[in-house]
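Visitor: The structure that follows is given in the form of structure tokens.
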Amino acid sequence: SKTISKCYVQVTGMTCASCVANIERNLRREDGIHSILVALMAGKAEVRYNPAVIHPAAIAELIQELGFGATVMENCGEGDGILELVVRGMTCASCVHKIESTLMKTNGVLYCSVALATNKAHIKYDPEAIGPRDVIQVIKDLGFTTSLVKKDRSASHLDHKQEIRQWKRSFVVSLVFCIPVMGLMIYMMVMDSQLSDAHAHHNMSTEEMEALHSSMVLEYQLLPGLSVMNFLSFLFCVPVQVFGGWHFYIQASRALRHKTANMDVLVVLATSIAFLYSSIILLVAMAERAKVNPVTFFDTPPMLFVFISLGRWLEHVAKGKTSEALARLISLQATEATIVTLGPDNVLLSEEQVDVELVQRGDIVKVVPGGKFPVDGRVIEGHSMVDESLITGEAMPVTKKPGNTVIAGSINQNGSLLISATHVGADTTLSQIVKLVEEAQTSKAPIQQFADKLSGYFVPFIVAVSVVTLFAWIIIGFVDFEIVEKYFLGYNKSLSAAEVIIRFAFQASITVLCIACPCSLGLA
């Protein structure tokens, strides 16, 4: 007999079932090609050929001539089948050995391991030579009962409800406290601009300015050094820092434990430093009983948390939508199939109900009117209309006659069909769609990976810059104190020069941190 080899070709540029039919039809005519099977979603063709006549590179070229991209896939893992079984009735190690040795002797079984403690068997097999039902039969013949490990068919691991709730809560908390802080800030800005106008028009002396300034309600000092404005901002900032920032702190600590710096680290760094610095400045001012209210950054954390938690919330809502769609897709899968044995002239000899996972390639499956197609296949006998709208989006039922392909998950309408299974298990179109959507769910957008990578360098860079700023100003200050004096308005004349310099340097470096950390990178 001629030796038949098998190769896999990655095919790109296929858009629909007619592309598949086109490739299959044209390649079947070629010399040396025994059979070809193309999977649309996986973008993969499995070709069996006679190596004496044709070789894989030539096959790929033939596909390219039809206008598709094609590359031969090296070591495709030969599409090994994996079977997980629960085996009952094992009593000791010799039972385990008996099952393992018998299976390993069976043609087509590549690997087998049975665990006595968990009653589980893990089997790898070559789907060309043997199928799951044969394996189960071998174990049954040895006198053990066996069944498939039930797969969890729900998409619960893709449920984003909890995250949606937590980010929504975080957003709402931040928002509630952010609005008053923003209001106070805008009010201060407006009043400040009015004051400077007054100054410009009436040539008021600086003393009168100070008097007017301190008469403003918000600048009124509750305690020496503690203005109403700063006190209110502090009150509004605490709950945001604790409740709004809770998840950020958790995630940032995880990132730091793994010695990486991601967006969360940036946010936490910025808000914590802004908050701590502002609080310390206030305490110092109160201790010094300062006349001029210090500049604080209490407005930074709430605003930052609002924007970022809103972003996270929207992201999870979007992911949740995809997950719902995926859950619906998964629910389309049939759970059982009716396998029939055909005699000569396609006479039905027998039929049995089996789990969908047990359908093997080449099995003849009967699909009754109103039933779901359990696997992808080709019609052998029967005429029917099939509703494929769930997969293809096509509203009208499609006519199926012998030779047509059918898609798992679509619904048979009026005639009974016999189909020959071509793609089973994880290879069916539906499984491939589910897999693609799952991958899209779990992987990050390329731009997001890029941002995370950037922030890995960005965080240490900004921290370094702010430290440089700190030392630069300290040096400048000790070299030429007047520069500091010029820029550091309203400092307490009673302080020593060194103290003023160090304070100004700190203020400058913290400003760098607070402005750079919540940068547009993070918000975007």
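Number 379 in my numbering belongs to position 379 of the sequence shown; there are no gaps in the numbering.
All C-beta atoms, glycine included, are put in the ideal place defined by N, C-alpha and C.
Do you know offhand how far L148's Cα is from L418's?
Guide: Answer to the nearest angstrom: the Cα atoms are 25 Å apart.
Visitor: Give the DSSP-derived three-state secondary structure of H258 in the structure shown.
Guide: Three-state DSSP puts H258 in coil, outside helix and strand.
Visitor: Which two residues bound the contiguous beta strand (DSSP E) that contains R48?
Guide: Looking at the DSSP string, the run of the beta strand (DSSP E) that includes R48 is 44-49.
Visitor: Can you look up C112 in the DSSP assignment and give me helix, strand or coil?
Guide: Three-state result, C112: strand.
Visitor: How do the region 109-122 and the region 48-62 stand: do at least 3 beta-carbon pairs fall below 8 Å, yes or no?
Guide: As far as the Cβ criterion goes, the region 109-122 does not touch the region 48-62, which means the pair count is below three.
Visitor: Which full runs of the alpha helix (DSSP H) of 4+ residues lie inside the region 240-327, going along the chain?
Guide: Within the region 240-327, the complete alpha helix (DSSP H) runs of at least 4 residues are 246-257, 263-288.
Visitor: Classify E438 as helix, strand or coil using the three-state DSSP reduction.
Guide: In the structure shown, E438 sits in a helix (DSSP, three-state: H, G or I).
Visitor: Do G89 and F144 have their beta-carbon atoms positioned less than 8 Å apart in this structure?
Guide: Yes, the Cβ-Cβ distance between F144 and G89 is below 8 Å.
Visitor: I believe F171 touches L310 by the beta-carbon criterion, under 8 Å. Please report the beta-carbon distance rounded to the nearest angstrom.
Guide: Between L310 and F171 the Cβ distance is about 5 Å, and since that is below 8 Å, they are a contact.
Visitor: Which residue or residues does DSSP assign as beta-bridge partners of K366?
Guide: K366 is bridged to T338, L418.
Visitor: Going by DSSP, name the residue or residues bridged to C7.
Guide: According to DSSP, which records beta bridges pairwise, C7 is partnered with V47.
Visitor: Can you name the residues that DSSP bridges to Y534?
Guide: What the structure shows of the chain is the stretch from 1 to 524, and residue 534 is not part of that stretch, so it cannot be assessed.
Visitor: Cutting at 7 Å between CB atoms, please list the residues of its own chain near Y249, excluding the five before and the five after it.
Guide: Only V268 meet the Cβ criterion.
Visitor: In whole angstroms, what is the alpha-carbon distance linking S350 and T341?
Guide: Approximately 5 Å between the Cα atoms of the pair.
Visitor: Put R378 into one of helix, strand or coil per three-state DSSP.
Guide: Note: R378 maps to strand in three-state DSSP.
Visitor: Less than 7 Å between C-beta atoms, sequence neighbours within five positions excluded: which residues of the same chain meet that for E357?
Guide: These residues qualify, in order along the chain: P132, L148, G425.
Visitor: If I339 sits next to D363, beta carbons under 8 Å apart, how far is it from one beta carbon to the other, in whole angstroms?
Guide: The pair is a contact, with the Cβ atoms about 5 Å apart (cut-off 8 Å).
Visitor: From V306 to S193, what distance separates their C-alpha atoms?
Guide: Near 27 Å, if we compare the C-alpha coordinates of S193 and V306.
Visitor: Return the residue from the list M104, K161, S410 that minimises the CA-CA distance to H122.
Guide: The residue with the shortest Cα to Cα distance from H122 is M104.
Visitor: Could you give the DSSP three-state label for L66: helix, strand or coil?
Guide: Coil, per DSSP.
Visitor: Going by DSSP, what residue range makes up the alpha helix (DSSP H) through I130?
Guide: No alpha helix (DSSP H) contains I130, which DSSP labels as neither H nor E.
Visitor: Just checking, does the region 223-230 make contact with the region 282-293 on the three C-beta pairs under 8 Å criterion?
Guide: Taking 8 Å as the limit for Cβ pairs, the verdict is that the region 282-293 does touch the region 223-230.
Visitor: Of the choices A440, E336, L314, M385, whose alpha-carbon is the least far from that of R165?
Guide: Minimum Cα distance to R165 is reached at L314.
Visitor: Taking Cβ to Cβ, would you say V87 is nearer than 8 Å to I36?
Guide: Contact flag unset, no.
Visitor: Output the boundary residues of the alpha helix (DSSP H) element that contains L27.
Guide: From DSSP, the alpha helix (DSSP H) with L27 extends over 17-28.
Visitor: Taking contact to mean at least 3 C-beta pairs separated by less than 8 Å, is the region 313-328 in contact with the region 252-261?
Guide: No contact exists between the region 313-328 and the region 252-261.
Visitor: What number of angstroms, rounded off, separates the C-alpha of A408 from the C-alpha of S389?
Guide: When rounded, the distance between both Cα atoms is 12 Å.
Visitor: Buried or exposed for C7, going by 16 or more other Cβ atoms inside 10 Å?
Guide: That one is buried.
Visitor: Under a Cβ-count criterion, where at least 16 other Cβ atoms within 10 Å of its own Cβ denotes burial, should F298 be classed as buried or exposed?
Guide: Buried, by the Cβ-count rule.
Visitor: For I515, tell me which candidate among F478, G13, V463 has the shortest Cα-Cα distance.
Guide: Checked all of F478, G13, V463; the closest Cα to I515 is V463.
Visitor: Who are the near neighbours of I510 in its chain, counting only those whose CB is closer than 8 Å to its CB and skipping five residues on each side?
Guide: I273, A274, Y277, F297, S466.
Visitor: Got a sec, what are the start and stop residues for the beta strand (DSSP E) L349 sits in?
Guide: Segment 348-355, the beta strand (DSSP E) holding L349.
Visitor: Am I right that K400 and S384 are in contact with their C-beta atoms under 8 Å? What's the rounded C-beta distance?
Guide: K400 to S384, Cβ: 5 Å. Contact.
Visitor: Using CA coordinates, which residue listed in P344, V365, C19 is at the minimum distance from Q353?
Guide: Comparing Cα positions, the closest option is V365.
Visitor: Regarding S431 and the ligand ZN, is the C-beta to nearest heavy atom distance less than 7 Å?
Guide: As for the ligand ZN, it is missing from this structure, which has no ligand bound.
Visitor: Here's the rule I'm using: 16 or more other beta-carbon atoms within 10 Å means buried, otherwise exposed. How should S233 be labelled?
Guide: Counting Cβ neighbours within 10 Å, S233 comes out buried, since at least 16 surround it.
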